[in-house]
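First up is the structure itself, then whatever we jot down about it.
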Amino acid sequence: MEVELVTGRFLLFLGNRSAKIVSVLGGALLALMLATTAGAEPIYPVPDPDPFYAAPGDMEAHQPGDVLSVRALPPVAVFPGATITLVKFRSTNSDDAPIAATTTIITPPGHQPDAPILSYQHFINSLGTGCAVSHLLYANDPNLLMTASILNAALAQGWSVALPDHLGPNFAFGAARLGGRIVLDGVRAAKRLPELAAGHSPVVLAGYSGGGMATGWAAALQPSYAPELKLEGAAIGGAPMNMVTMAQVLGFDPHPVFGLAMAVAIGLEREYPHRLPISSYLNERGLAVRNSMANGCTNQIIVTGAGGSAAEYATDTAGFDVGAGQSVLEENSLELYNGVPEIPVFEWHSPYDPLIPIPAIDNTDRRWCAAGVRVQTLQVPAPEHLSSAVLGAPEALMWLNDRVHGEPAPSTCGTI
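With the sequence shown counted from 1, adding 63 to any position gets you the working numbering.
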């Protein structure tokens, strides 16, 4: 939970300044998106040196969710007795081209055929291939380990847990719609994996913050992208539902977490290079910072960009309320997406969270309710972003357990 861990610390120590985070990240992101000069090409991550992660030459011959390769991984102490399997599968990027993606599947001791599957979308929030979940598991990453208790609770119930690398092979941080596709194809792959014997397994989704974005998009895209896939429910926590809202709020002052905004801009350029040429409107200092964080995991990104601003790194910071960049943000905003989930949803957040626009969450919940979605909401009394993840997770897991066992889904739609 790297972004949230570090951001949470900043929020706790900045006091009243923490309320500026939305405006700083949003305004800085938009500032980096909407200039028009020609210049540098996008910067992509260094490919993973392990050939397992590479796309095979016959990608066009495979369907979304087809298993491309499987590797048994060593045990992980934090998941005692569990079996760890890395699966490469075929997915689809934002240009509808085939890509190779990966998911790490953890199965408990005594795994039973057709046992439930939890696809848990960790908030990777990084730019480098070394930040894949399958690598972080063996790096004693403290932020991923923070999720161990909730994942172990699922494993203790006999569930398997899938941890997809939902940012894709180019680590396109911010491309949430892409993340939804990868999540769904990861579930398809898990159900097709002979070793898992999960052809009839009930499947639930969960994620927080960036992982919540991917979870929400998977739930909303499933009826059109994976209509054959049966899901039982999705738990979505602390998810930014409208990237346009975040980006339209002005804020150009230097800030400790400016690196996150710049990383989103870099990630979106990777996924939309022709529509969002971010690198073209960075000055020399901006390009240097971009190059420094291009392969970083979250902590490095925050350190590299700490104290920066769009005014410092962009060639032009005027007229940031129009442009092609806004359409990319719109396409990755759940609040603005016409499709709705066909499964029950558990949505939780803190009403005091200074990192995400709360009205966008409420509007999305109301729209889904109006479309007939069974939405249960939980507001946790957390003063900042990170605490909400911890406080809401136990109730989210209980809700998911009820969906797996076929209990009727509750709704709080009348109170939203």
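All C-beta atoms in this analysis are idealised placements derived from N, C-alpha and C, irrespective of residue type, glycine included.
Out of the options, point me to the one whose CA is closest to residue i's CA.
i	options	result
Pro-414	Ala-324, Asn-362 and Gly-300	Gly-300
Asn-426	Val-403, Pro-446, Pro-108 and Pro-444	Val-403
Asn-215	Lys-151, His-125, Met-306 and Pro-172	Pro-172
Gly-270	Ala-217, Asp-158, Ala-452 and Ile-479	Ala-452
Thr-170	Asn-188, Ser-264 and His-318	Ser-264
Asn-464	Val-352, Met-304 and Val-408	Val-408
Leu-345	Thr-361, Ala-328 and Pro-473	Ala-328
Cys-476	Leu-441, Ala-217, Ala-178 and Asn-305	Leu-441
Thr-166	Tyr-183, Ser-343 and Pro-471	Tyr-183
Gly-243	Pro-232, Asn-233 and Gly-274	Gly-274
Gly-279	Ala-324, Leu-199 and Leu-399	Leu-399
Ala-374	Glu-394, Phe-321 and Leu-218	Phe-321
Ala-135	Lys-151, Ile-421 and Gly-368	Lys-151
Met-122	Ala-277, Ala-261 and Ile-162	Ile-162
Gly-370	Val-224, Val-109 and Gly-349	Gly-349
Leu-190	Asn-358, Asp-416, Val-438 and Tyr-201	Asn-358
Leu-200	Leu-181, Asn-354 and Pro-227	Pro-227
Ala-239	Ser-396, Thr-378, Ala-326 and Leu-268	Ser-396
Gly-231	Ser-223, Trp-222, Leu-241 and Val-224	Leu-241
Gln-175	Val-352, Gly-221, Ser-197 and Ala-459	Gly-221
Ala-219	Phe-186, Leu-181 and Thr-192	Leu-181
Pro-112	Trp-411, Asp-177, His-198 and Tyr-376	His-198
Gly-237	Leu-268, Leu-331 and Ala-282	Leu-331
Ala-351	Tyr-376, Arg-430, Ala-456 and Ala-225	Tyr-376
Thr-478	Arg-153, Asp-428 and Gly-469	Asp-428
Gly-193	Asn-305, Glu-334 and Met-356	Met-356
Which residues does DSSP list as the beta-bridge partners of residue i?
i	result
Glu-410	Ile-299 and Thr-440
Leu-268	Ser-182 and Ala-297
Ile-169	Ile-147 and Val-224
His-337	His-337 pairs with nothing; no bridge assigned.
Gly-371	His-318
Starting from residue i, trace the beta strand (DSSP E) in both directions and tell me its first and last residue.
i	result
Phe-321	Element bounds for Phe-321: not the beta strand (DSSP E) but the alpha helix (DSSP H), 321–334.
Ser-154	146–155
Ala-452	Counting along the chain, Ala-452 falls outside any beta strand (DSSP E), though it belongs to the alpha helix (DSSP H) covering 448–467.
Val-139	Element bounds for Val-139: n/a, residue is neither H nor E.
Could you give the residue range of the alpha helix (DSSP H) that holds residue i?
i	result
Tyr-288	273–288
Ala-219	211–219
Pro-227	Run containing Pro-227: none in the alpha helix (DSSP H); it sits in the beta strand (DSSP E), 223–227.
Ile-245	239–255
Leu-350	347–356
Pro-112	Where Pro-112 is concerned, there is no enclosing alpha helix (DSSP H), given that its DSSP letter is neither H nor E.
May I ask you to report which of helix, strand or coil DSSP gives residue i?
i	result
Ile-162	strand
Gly-477	helix
Ser-132	strand
Tyr-183	strand
Thr-361	helix
Gly-34	Because the chain in this structure spans residues 64 to 479, residue 34 falls outside the shown range and cannot be described.
Ala-377	strand
Leu-75	With a pLDDT of only 30 at Leu-75, under 50, the local geometry of the prediction cannot be trusted, and the value read off the model is given with reservation. The answer is helix: DSSP assigns Leu-75 an H, G or I state.
Gly-193	helix
His-263	coil
Leu-230	coil
Pro-471	coil
Gly-428	It should be noted that the sequence gives Asp, not Gly, for residue 428. Residue state, collapsed to three classes: helix.
Tyr-344	helix
Phe-383	The predicted position of Phe-383 is uncertain, since its pLDDT is 37 and thus under 50; a value taken from the coordinates is nonetheless stated next. Residue state, collapsed to three classes: coil.
Met-309	helix
Asn-188	coil
Ala-202	coil
Leu-68	Its pLDDT being 32, under 50, Leu-68 is placed unreliably by the model, and the measurement read from it follows with that caveat. In the structure shown, Leu-68 sits in a helix (DSSP, three-state: H, G or I).
Leu-392	helix
Leu-399	helix
Arg-80	With a pLDDT of 37 at Arg-80, under the threshold of 50, the predicted position of this residue should be treated as unreliable, though the coordinate-derived value follows. If DSSP states are grouped into helix, strand and coil, Arg-80 belongs with the helices.
Ala-11	For residue 11 there is no data in the structure shown, the boundaries of the chain being 64 and 479.
Ala-103	coil
Glu-405	coil
Does any C-beta atom of chain C lie closer than 8 Å to the C-beta of residue i?
i	result
Glu-295	Absent from the structure: chain C. Only one protein chain is present.
Segment contact, 8 Å Cβ cut-off, at least three pairs: the segment 154–161 with the segment 136–146: no
Can you confirm whether the segment 124–131 touches the segment 243–252 when touching is taken to mean that 3 or more C-beta pairs between the two stretches lie within less than 8 Å? yes
Contact the segment 332–340 vs the segment 278–289: 3+ CB pairs below 8 Å: no
Segment contact, 8 Å Cβ cut-off, at least three pairs: the segment 200–216 with the segment 250–262: no
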